[in-house]
Amino acid sequence: NAGVTQTPKFQVLKTGQSMTLQCAQDMNHEYMSWYRQDPGMGLRLIHYSVGAGITDQGEVPNGYNVSRSTTEDFPLRLLSAAPSQTSVYFCASSYVAHHYNEQFFGPGTRLTVL
Amino acid sequence: GENVEQHPSTLSVQEGDSAVIKCTYSDSASNYFPWYKQELGKRPQLIIDIRSNVGEKKDQRIAVTLNKTAKHFSLHITETQPEDSAVYFCAASRRAAGNKLTFGGGTRVLVKP
Numbered sequence: 001n002a003g004v005t006q007t008p009k010f011q012v013l014k015t016g017q018s019m020t021l022q023c024a025q026d027m028n029h030e031y032m033s034w035y036r037q038d039p040g041m042g043l044r045l046i047h048y049s050v051g052a053g054i055t056d057q058g059e060v061p062n063g064y065n066v067s068r069s070t071t072e073d074f075p076l077r078l079l080s081a082a083p084s085q086t087s088v089y090f091c092a093s094s095y096v097a098h099h100y101n102e103q104f105f106g107p108g109t110r111l112t113v114l
Numbered sequence: 115g116e117n118v119e120q121h122p123s124t125l126s127v128q129e130g131d132s133a134v135i136k137c138t139y140s141d142s143a144s145n146y147f148p149w150y151k152q153e154l155g156k157r158p159q160l161i162i163d164i165r166s167n168v169g170e171k172k173d174q175r176i177a178v179t180l181n182k183t184a185k186h187f188s189l190h191i192t193e194t195q196p197e198d199s200a201v202y203f204c205a206a207s208r209r210a211a212g213n214k215l216t217f218g219g220g221t222r223v224l225v226k227p
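As structure tokens, then:
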């Protein structure tokens, strides 16, 4: 199993550009989520999904869109990049059967917005 | 919503000493408390977790304690080794929130040989 994969590893954008961060998992996990990690602020939840066709907002959703058309994929779209979105983005997944499930993280995408 | 505070933000210990990281949470309904370790440039990985019906859990050199009344939980690392150097995150969630985790701000632990 590849686990949770993310592409790209690094990305530089100019203010106003849009892009999609990709996340995929091969563990048949129902739950998938996106976090951003900024220095001293831990991991903050952007959006999450409990299954295909179901998404919801997390703590910091503004400026980001998600969709979940398959169990395996959960892309994160930046609509119009801003310097405040410079961060490291992690995707995570887990089973949903009960909420004591370990969340498995992807390797992260380091995004810089100029 | 839930708020998790973590202290200290940095911790330097001599190899072989113990390290303790403390977290407090605000939502009394939270009942699951995992700890993640993140090495430099790597992804967070679960190292230990505790449920609210348990007061203490131990796994080799690491242990976690939970005080539901005071709404705080702690990570204890004994006999620290250089490979314990990393950033540690606590988190909390409650059943009604499904798998959503609220993380603390992290503690950078440096183990000096």
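Read top to bottom, the protein sequences are chains A and B. Its first residue numbered 1, the first sequence is counted upward by one per residue in my numbering. Its first residue numbered 115, the second sequence is counted upward by one per residue in my numbering. Note that the Cβ used here is the ideal one computed from N, Cα and C, for glycine as well.
- Residue state for B:D198 is assigned as helix, using DSSP reduced to three classes.
- Inclusion of A:G51 and A:V96 in the CB contact set at 9 Å is warranted, their separation being smaller than that value.
- Partner residues in the beta bridge of B:H121, as assigned by DSSP, are B:K136.
- CA-CA distance, A:T20 to A:P39, rounds to 23 Å.
- Burial check for A:R36: the Cβ neighbour count within 10 Å reaches 16 or more, so the residue is buried.
- A:G51: member of the beta strand (DSSP E) spanning 43 to 51, first to last residue.
- Under the Cβ distance rule, A:S87 does not count among the residues neighbouring chain B, no pair being separated by less than 9 Å.
- Along the segment 54 to 76 of chain A, going in chain order, the ones with a CB nearer than 8 Å to a CB of chain B are G58, E59.
- In the three-state DSSP reduction, A:P8 falls in the coil class, being neither helix nor strand.
- Excluding its 5 nearest sequence neighbours in each direction, B:T124 has C-beta neighbours in its own chain below 6 Å: R222, listed in chain order.
- Straight across, the Cα-Cα distance linking A:G16 with A:R44 is about 23 Å.
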